[in-house]
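Here the sequence shown is numbered in our numbering, starting from 3 and rising by one per residue.
Ideal Cβ placement from N, Cα and C applies to all residues, glycine included.
As structure tokens, the structure follows; a few thoughts come after it.
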Amino acid sequence: MIHSFIMVGQSNMAGRGFLKDVPPICNERIKMLRNGRWQIMTEPINYDRPFSGVGLAASFAAAWSQKNRNEEIGLIPCADGGTSLDDWAVEGVLFEHAVFQAKIAQRTGILDGILWHQGENECSPELSSRYQEKFLLIVEAFRRELSVPDIPLIIGGLGDYLTSGMFGEYFKEYPLVNKELEKFANTQENCYFVTASGLQANPDGIHMNAVSQRIFGLRYFEAFDKHQNVLEPLKGENSAINIDSERPLSKAERITLLENKFVKGDLSLEAYQAQLAKINNQM
3 MIHSFIMVGQ SNMAGRGFLK DVPPICNERI KMLRNGRWQI MTEPINYDRP
53 FSGVGLAASF AAAWSQKNRN EEIGLIPCAD GGTSLDDWAV EGVLFEHAVF
103 QAKIAQRTGI LDGILWHQGE NECSPELSSR YQEKFLLIVE AFRRELSVPD
153 IPLIIGGLGD YLTSGMFGEY FKEYPLVNKE LEKFANTQEN CYFVTASGLQ
203 ANPDGIHMNA VSQRIFGLRY FEAFDKHQNV LEPLKGENSA INIDSERPLS
253 KAERITLLEN KFVKGDLSLE AYQAQLAKIN NQM
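Okay, structure coming up:
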């Protein structure tokens, strides 16, 4: 029975961290939903754009896996970059797609949580003031449609870096969004807020970099695991970059990573065959 989590929101949930900046996470107990089937997770998980990259869900899943060593976790990628709360409105395409994907996952597992990150599109006094009103309708509908009235919802704040990027003038009001997100978590049951304080961005100043996404995932798991808001950086969270990287890899995991290198053109056919034979002979 797979314990699954749905990923919803915009680009920082989908992930735009550079893949080359962090060690890969490949764990056969961590799955992702592709075409209605569970596959071993590889990044990018949430392939909403050709430039998708590292997101927070991978380290969230790795932390979950470390605590639940005899069980499997599944990630359901449904986030879409650049989307507003209105884009996620009930009965809209994004909402219906996420419900459909989650219901497929429920056939073979338990839906354990909703991971949400969205708000860059709401950075104005007018839009942020209606955040709670609009978001509540979405959350209630997810819980109703999926028959999970008490499912935990983890929501992350916007990063302090937003005003210093190349589009910083558009994000001056980001503290208003964070205020509304935290207020929502404090007034709704089974809802927890995670701070983005101290996290850093890619050169564009909009998207969290890969290292920060790894850290953010640990904060999300802390909120889920402890059933409480995470309002300060975690002790030792900078080690998140190496989460799951010191564990000996299984045969399936080694083959998965090898295949990824081959299909990306990083290995010749001869090198691929030689390394594959070596893995098979060692196991």
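| Item | Value |
| --- | --- |
| Does the separation of the CB atoms of Ile324 and Glu239 fall below 9 Å? | Residue numbering for the chain in the displayed model covers 3 to 285; residue 324 lies beyond these limits and cannot be assessed. |
| Please classify Val232: does DSSP put it in a helix, a strand, or coil? | strand |
| His99 by DSSP, collapsed to three states: which one? | helix |
| Run through the segment 201 to 258 for me and flag every whole alpha helix (DSSP H) of 4 or more residues, listed as ranges in chain order. | 212 to 228 |
| So, does the segment 11 to 25 touch the segment 95 to 114, judging by three or more C-beta pairs under 8 Å? | no |
| How many Å lie between Leu178 and Ala254 at the Cα? | 46 Å |
| Give me the Cα-Cα distance between Cys28 and Glu128, rounded to the nearest whole angstrom. | 42 Å |
| Just how far apart, CA to CA, sit Ser6 and Ala198? | 24 Å |
| Considering only DSSP beta bridges, list what Tyr194 is partnered with. | Ile156 |
| To the nearest angstrom, report how far apart Ile2 and Ile4 are at their CA atoms. | Residue 2 is absent from the model: the chain starts at 3 and stops at 285. |
| Which same chain residues end up closer than 6 Å to Pro151 when comparing Cβ atoms and leaving out the 5 residues on each side of it in sequence? | Arg145 |
| Throw me the rounded Cβ distance for the Gly57 and Ile47 pair, which I believe falls under 8 Å. | 6 Å |
| Distance, Cα to Cα, Ile116 vs Ile153? | 7 Å |
| Per DSSP, which one or two residues make a beta bridge with Gln41? | Met34 |
| Quick check on the burial criterion: 16 or more other C-beta atoms within 10 angstroms. Buried or exposed for Thr189? | exposed |
| Go through its chain and collect everything with a Cβ distance to Asn262's Cβ below 7 Å, but skip five positions before and after it. | Thr44 |
| Look at the alpha carbon of His61 and the alpha carbon of Ala242, and state the distance between them as a whole number of angstroms. | Inspection of the sequence shows that residue 61 is occupied by Ser rather than by His. About 7 Å. |
| In whole angstroms, give me the CA-to-CA distance for Gly111 and Leu35. | 12 Å |
| Touching or not, the segment 119 to 133 and the segment 167 to 181, by the rule of three or more beta carbon pairs under 8 Å? | yes |
| Have a look at Val141 and Ala65 and give me their C-alpha separation to the nearest angstrom. | 25 Å |
| Just the Cα atoms here: how many angstroms apart are Ser270 and Ile281? | 17 Å |
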